[in-house]
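The opening residue of the sequence shown carries number 3 in the numbering used here; numbering runs sequentially from there. Positions of the beta carbon are idealized from the N, C-alpha and C atoms, including for glycine. Here the structure is a predicted model, which means the values were calculated and not measured. In what follows, a single structure is set out as structure tokens and then discussed.
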Amino acid sequence: MIKKPYRPPHQVAVMTALFVISGLYFFILAVMDVSESSFLSAGLSDTLSAVVLMVNGLLSIMIGYGSWVGWKTMWYLGLVFSILILISSLITATLWNIPTALMIIIALWLLVGPEVRTYFKSEHVH
Numbered sequence: 003m004i005k006k007p008y009r010p011p012h013q014v015a016v017m018t019a020l021f022v023i024s025g026l027y028f029f030i031l032a033v034m035d036v037s038e039s040s041f042l043s044a045g046l047s048d049t050l051s052a053v054v055l056m057v058n059g060l061l062s063i064m065i066g067y068g069s070w071v072g073w074k075t076m077w078y079l080g081l082v083f084s085i086l087i088l089i090s091s092l093i094t095a096t097l098w099n100i101p102t103a104l105m106i107i108i109a110l111w112l113l114v115g116p117e118v119r120t121y122f123k124s125e126h127v128h
């Protein structure tokens, strides 16, 4: 008998999409951060903030992908990352942080939900 592949719950799919979309949004913000001047001639603060945004985007996309394929460590990393992003969004409190903060709040809510926690505790994840 052929074993049917296990599919994650819908909440994991939504959470994955939110992490990937927020990661892409971080990349857009990084490009916008240095778009007025070239990357090499931008000031140190512009360059540093663009690098931080790119790292946040990469981490967010990695968390989304890892959650979809069932890496158990991504649940913990997603929890810590979401909390840190929310704290930094509250500290900097700019208009550009609102979409990211909303996506991360929803992803965090899904992350601690019973279906997602059960999924990450099951034998289907590694």
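Would residue i and residue j qualify as a contact pair, given that the criterion is a beta-carbon distance under 8 Å?
i, j, result
"V80", "L26", "The sequence given here has Gly at residue 80, not Val. No; because the gap between Cβ atoms is not below 8 Å, this pair is not in contact."
"G68", "M76", "yes"
"Q13", "L110", "no"
On the DSSP letters alone, give me the boundaries of the alpha helix (DSSP H) that residue i sits inside.
i, result
"A95", "Careful: A95 lies outside any alpha helix (DSSP H) and carries neither H nor E."
"V14", "12-35"
I need the DSSP call for residue i, collapsed to helix, strand or coil.
i, result
"R119", "helix"
"W73", "coil"
"V57", "helix"
"S62", "helix"
Assuming residue i and residue j make a contact with CB atoms under 8 Å, what is their CB distance in whole Å?
i, j, result
"W73", "T18", "Not really, about 12 Å apart at Cβ, beyond 8 Å."
"L88", "I107", "7 Å"
"I65", "F21", "5 Å"
"L61", "F29", "Actually they are not in contact, since the Cβ atoms of L61 and F29 sit about 12 Å apart, beyond 8 Å."
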